[in-house]
Structure formats: structure tokens, C-alpha cells
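**Q** Pasting a structure here, questions to come.
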Amino acid sequence: MLSYPTPHNSATPEDFAKTVLMPGDPLRAKKIAETFLENAKLVNNVRGIGGYTGTYKGERVSVMASGMGMPSMGIYSYELYEAYGVERIMRIGSAGAIQEKVKVRDIILGIGACTNSNYASQYKLPGTFAPVADYAMLAEAVQIAQRKGLSYHVGNFLSSDTFYNDDITATEQWRKMGVLAIEMEAAALYMNAARLGKQALSICTVSDHILTGEALDARERQDSFTQMMELALDVAVAFKD
Numbered sequence: 002m003l004s005y006p007t008p009h010n011s012a013t014p015e016d017f018a019k020t021v022l023m024p025g026d027p028l029r030a031k032k033i034a035e036t037f038l039e040n041a042k043l044v045n046n047v048r049g050i051g052g053y054t055g056t057y058k059g060e061r062v063s064v065m066a067s068g069m070g071m072p073s074m075g076i077y078s079y080e081l082y083e084a085y086g087v088e089r090i091m092r093i094g095s096a097g098a099i100q101e102k103v104k105v106r107d108i109i110l111g112i113g114a115c116t117n118s119n120y121a122s123q124y125k126l127p128g129t130f131a132p133v134a135d136y137a138m139l140a141e142a143v144q145i146a147q148r149k150g151l152s153y154h155v156g157n158f159l160s161s162d163t164f165y166n167d168d169i170t171a172t173e174q175w176r177k178m179g180v181l182a183i184e185m186e187a188a189a190l191y192m193n194a195a196r197l198g199k200q201a202l203s204i205c206t207v208s209d210h211i212l213t214g215e216a217l218d219a220r221e222r223q224d225s226f227t228q229m230m231e232l233a234l235d236v237a238v239a240f241k242d
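Heads up, the sequence shown stops at 242 in the working numbering, and the numbers go up one at a time, no gaps.
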């Protein structure tokens with residue numbers, strides 16, 4: 002068991018709920034806490050990565066930024082799972098669509114996360130590992146999305162280590178394999194959850210479309226993902242500890 006406080010978190014296990022929402026952006030974490038949580042309390046702010054705990058519909062929920070990329074997600078999710086007793090983490094972020102049927106502002110529920118990362122090499126597996134979401138969380142998210150009438154898709158992400166890829170053919174190769182969108186964190190989260198026997202789900206709003214060039218600006222990405230946030234919060238409170 003990893004001891005606390007950790008190098009990146011000054012809280013105690015009692016400070017966190019069993020379910021944590023993790024946007025990449027610390028400002029988005031702050032906005033979620035201030036907008037949706039009642040009696041939200043700042044429980045961690047090491048390196049400006051704010052973690053907050055409050056209640057939503059009467060249930061304790063935490064929200065904390067993951068930073069950008071798989072190394073950062075790997076650190077923060079591992080510490081939450083292993084040092085702070087968190088059972089479920091939901092990544093809530095943005096993704097770039099690479100399929101025509103997926104539109105800007107659609108929501109994607111990541112059943113799996115392909116990756117070009119070397120993250121899984123640490124496990125010394127004699128083959129290729131397939132990082133997947135927790136089925137119970139995914140099924141709950143699908144039911145809630147249907148009930149809310151949201152425009153959503155269930156499928157694979159590509160969790161990429163490269164935002165600016167020197168190989169201009171790479172996106173097309175992933176598109177041909179049915180990958181819905183590209184993001185940068187889900188695979189590390191899913192692998193940490195698998196290794197530690199925890200639960201994880203990645204929910205992303207499509208912020209840009211790589212095929213069409215349509216895109217939301219940074220302010221729109223920060224402020225306009227209300228449907229995704231409410232969906233994730235409703236999934237969180239469905240699991241009562």
C-alpha cells in the first residue's frame with residue numbers, strides 16, 4: 002500500500018470520496034466543483050492540481066485534475082487508487098474525432114483504449130494488453146445517456162503519446178480499425194485500474210474533428226461540456242459505498 006501524503010497529494014484518505022472525476026485541466030476541476038458540488042472543499046493543491054470533495058444529489062463525490070498525457074494520469078490515478086482508497090475514477094475530457102459518424106460535441110464512452118504508448122511495458126507481459134473500461138460503470142453510463150437523450154457513441158479511443166505526430170499517415174491507420182477518437186490519458190487509467198483491481202471509465206466530449214477541421218476553442222472546451230459533466234456525476238452517485 003502506498004503511503005500518504007504522496008509527492009503529488011497532501012490529502013488524507015478520508016478527504017476523498019470513493020469515486021473521483023478526473024478532467025485533465027485544473028480549471029475544469031475547479032469549475033465542476035464550484036458549479037455542481039455542494040459544500041465543495043479543496044483537499045489538495047500540490048503543483049496547482051486541485052482536488053475537491055463535496056456532495057452531488059446527497060452523495061460524496063470528488064473531482065481532481067489529472068494533468069495532460071499518460072505519465073501524468075498514471076501518477077495521479079495510481080496515487081488515488083493505492084494511497085487514498087479510491088475505488089472508481091472517471092476521466093472526463095476532450096477528444097478529437099476520426100470517424101465521420103462522430104460529430105463535434107458528441108459524447109464518447111470509451112469501452113477500450115488503444116495506444117501508441119509504451120506504458121504497458123512495465124508489466125512485462127508476454128504479449129499485448131488490451132486496456133478496457135469497467136463494464137458496470139460503462140453500462141450505467143449508457144443507460145443514463147439514453148435516458149437523457151444524449152448524442153453518444155461507445156467504442157475505442159486511441160490514447161496517444163504524441164499530440165503533434167510526425168507520421169501523417171498514423172491517424173488514417175487507426176481510423177480504418179474503427180477507433181472513434183484520439184485522446185491522451187484513458188489507456189494509462191485503464192491499465193492502472195486493471196493492475197490495482199479498481200474500476201475506471203473514460204468519458205470524452207468531442208472538441209474537434211480531425212477529418213473536417215471543425216474545432217472548439219480553449220474557452221469553449223473549458224465551459225461547454227455540461228452534458229458530459231452531468232452524465233459523469235450521475236454515474237458517480239449510482240455507485241453507493
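Built from N, CA and C at the ideal position, the CB exists for glycine as well.
Could you check whether the region 171-188 touches the region 222-241, counting it as contact only if at least three pairs of C-beta atoms, one from each stretch, sit closer than 8 Å?
**A** no
**Q** On the premise that residue 189 lies in contact with residue 65, defined as a C-beta separation below 8 Å, what is that separation, rounded to the nearest angstrom?
**A** That pair is no contact at about 15 Å.
**Q** If you drop the 5 nearest sequence neighbours on each side, which residues of the same chain put their C-beta closer than 6 Å to that of residue 203?
**A** 92, 111 and 187
**Q** Hey, quick one: how far does the beta strand (DSSP E) through residue 307 stretch, first residue to last?
**A** With the chain covering 2 to 242 only, the question about residue 307 has no answer from this structure.
**Q** Would you list the residues sitting across from residue 133 in a DSSP beta bridge?
**A** 113
**Q** So the beta strand (DSSP E) residue 209 belongs to, where does it begin and stop?
**A** Where residue 209 is concerned, the enclosing beta strand (DSSP E) starts and stops at 200-210.
**Q** What is the DSSP secondary structure of residue 190, reduced to helix, strand or coil?
**A** helix
**Q** Would you call the region 55-62 in contact with the region 81-100, where contact means no fewer than 3 C-beta pairs closer than 8 Å?
**A** no
**Q** Within this structure, are the beta carbons of residue 50 and residue 79 separated by less than 8 Å?
**A** no
**Q** With DSSP as the reference, please indicate the residues paired to residue 92 in a beta bridge.
**A** In DSSP, residue 92 forms a bridge with 23 and 203.
**Q** Residue 10: buried (16+ other C-beta within 10 angstroms of its C-beta) or exposed?
**A** buried
**Q** Measuring CB to CB, does residue 68 end up less than 8 Å from residue 183?
**A** no
**Q** Anyone know if the C-beta pair for residue 99 and residue 151 falls short of 8 Å?
**A** no
**Q** Name the residue from 212, 231, 205 and 136 whose alpha carbon lies nearest to the alpha carbon of residue 149.
**A** 231
**Q** Kindly identify the DSSP beta-bridge partner or partners of residue 61.
**A** 56
**Q** Assuming residue 160 and residue 71 are in contact, meaning their beta carbons sit under 8 Å apart, how far apart are those beta carbons, in whole angstroms?
**A** 6 Å
**Q** Where does the unbroken alpha helix (DSSP H) through residue 76 begin, and where does it stop?
**A** 71-85
**Q** Assuming residue 30 and residue 54 are in contact, meaning their beta carbons sit under 8 Å apart, how far apart are those beta carbons, in whole angstroms?
**A** Contact flag wrong, Cβ pair sits at about 11 Å.
**Q** Sort out for me which residues DSSP pairs residue 184 with in a bridge.
**A** 160
**Q** Thinking residue 1 and residue 89 are a contact (beta carbons under 8 Å), I'd like their distance in whole angstroms, please.
**A** Residue 1 falls outside the range modelled here, since the chain spans only 2 to 242, and no answer is possible.
**Q** Going by Cα to Cα distance, which pick from 135, 153 and 123 is closest to residue 191?
**A** 135
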